[in-house]
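Quick note on numbering: the sequence shown equals residues 0 to 189 in numbering that gives the first Met the number 0.
I have placed the structure first, in the form of structure tokens, so that the comments after it can refer back to it.
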Amino acid sequence: MKLILASKSPRRKEILQREGFTFEIVSKNTDETMDANLSPYQNVMNVARKKGEAVASLFPNDVVLSTDTIVCLDGKIYGKPKDRKDAYNTLATFSGMTHEVVSGVSIISKKLSMTMYVKSYVTFKKLTKEMIDDYLKTDEPYDKAGSYAIQGEGRSLIEGYSGSLDNIIGLPIEYIKDMLRVMLNEVENR
0 MKLILASKSP RRKEILQREG FTFEIVSKNT DETMDANLSP YQNVMNVARK
50 KGEAVASLFP NDVVLSTDTI VCLDGKIYGK PKDRKDAYNT LATFSGMTHE
100 VVSGVSIISK KLSMTMYVKS YVTFKKLTKE MIDDYLKTDE PYDKAGSYAI
150 QGEGRSLIEG YSGSLDNIIG LPIEYIKDML RVMLNEVENR
């Protein structure tokens, strides 16, 4: 009967609200450990699916949306920074480089489940130590994969991007909104 967002992310909440969805937020702690034997794409889809399954078991008659977003450069995955030093090192690594932002998305209902990933690219400016230090003072990077927020002050670090901006923010809504509406309509018309 309803859409459940299996995430506490304020950014994902804002994107769904902007698109006119009515939903509840229910999040469960889930193991987000990446498997070194899998590609970043397989890993991000597995984590998204695990997050969704943990919540779907509590809401078997509803549609559950879950997402996980990672940042990759040269095959290395950059999640949320552990501390200031980690955030600094990540941003210094991204300086002058183009990296991938990959979101795994899982939509689960009683009749249909799907899991996919969406990839976008972000190119950073050549960053100075001062630029990185100034950005770290904002406290913005500490809960973001890749240690930056393109929709916030982190935009000043970025030369450009290609692909879905909403994906870079954390929820590639343009790829899933029609499927969500179909699944929600199917649930409501049972």
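Note that beta-carbon positions come from the ideal geometry of N, C-alpha and C, so glycine has one too.
Same chain only: Cβ atoms within 8 Å of residue i, ignoring 5 sequence neighbours per side
i, result
"leucine 126", "Leu90, Ala91, Phe93, Ser94, Gly95, Leu156"
"valine 181", "none"
"glutamate 23", "Lys1, Leu2, Ile3, Leu4"
"threonine 29", "Val46, Lys49, Lys50, Ala53"
"glutamate 158", "Thr122, Phe123, Lys124"
"glycine 74", "Pro39"
"methionine 192", "The displayed coordinates of the chain run from 0 to 189. Any statement about residue 192 would go beyond what the structure contains."
Proximity of residue i and residue j at Cβ, strictly below 7 Å
i, j, result
"isoleucine 3", "valine 54", "yes"
"isoleucine 131", "tyrosine 87", "yes"
"glycine 51", "valine 70", "no"
"threonine 266", "valine 104", "In this structure the chain extends from 0 to 189, so residue 266 is not present and cannot be described."
"alanine 144", "threonine 68", "yes"
"lysine 124", "glutamate 18", "no"
"proline 39", "isoleucine 14", "no"
"aspartate 61", "lysine 110", "no"
"leucine 72", "histidine 98", "yes"
N- and C-terminal bounds of the beta strand (DSSP E) containing residue i
i, result
"valine 63", "62-72"
"lysine 75", "75-77"
Close beta carbons around residue i, own chain, < 7 Å, minus the five adjacent residues each side
i, result
"glutamate 218", "In the structure displayed, the chain extends from 0 to 189; residue 218 sits before or after that span and is not available."
"asparagine 166", "Val100, Ser102, Val117, Ser119"
"arginine 11", "Leu4, Thr66, Gly169, Leu170"
"proline 80", "Ala86, Thr89, Pro140, Tyr141, Ser146"
Endpoints, the alpha helix (DSSP H) within which residue i is located
i, result
"lysine 110", "It is not in any alpha helix (DSSP H) - lysine 110 carries neither H nor E in the DSSP assignment."
"leucine 90", "83-93"
"proline 39", "39-55"
Sequence-distant residues of the same chain with beta carbon closer than 6 Å to residue i, five excluded per side
i, result
"glutamate 31", "Val46"
"arginine 48", "Ser105, Thr114"
"isoleucine 172", "Ile14, Glu18, Asp165"
"methionine 44", "Gly103, Thr114, Tyr116"
"lysine 7", "Ser26"
"glutamine 150", "Ile168"
* **Complete runs of the beta strand (DSSP E) confined to the stretch 112-185 [at least 3 residues]** => 112-123, 157-161
* Asked: Where in the stretch 6-36 do unbroken runs of the beta strand (DSSP E), each at least 3 residues long, occur, reported from the N-terminal end onward?
  -> 22-24
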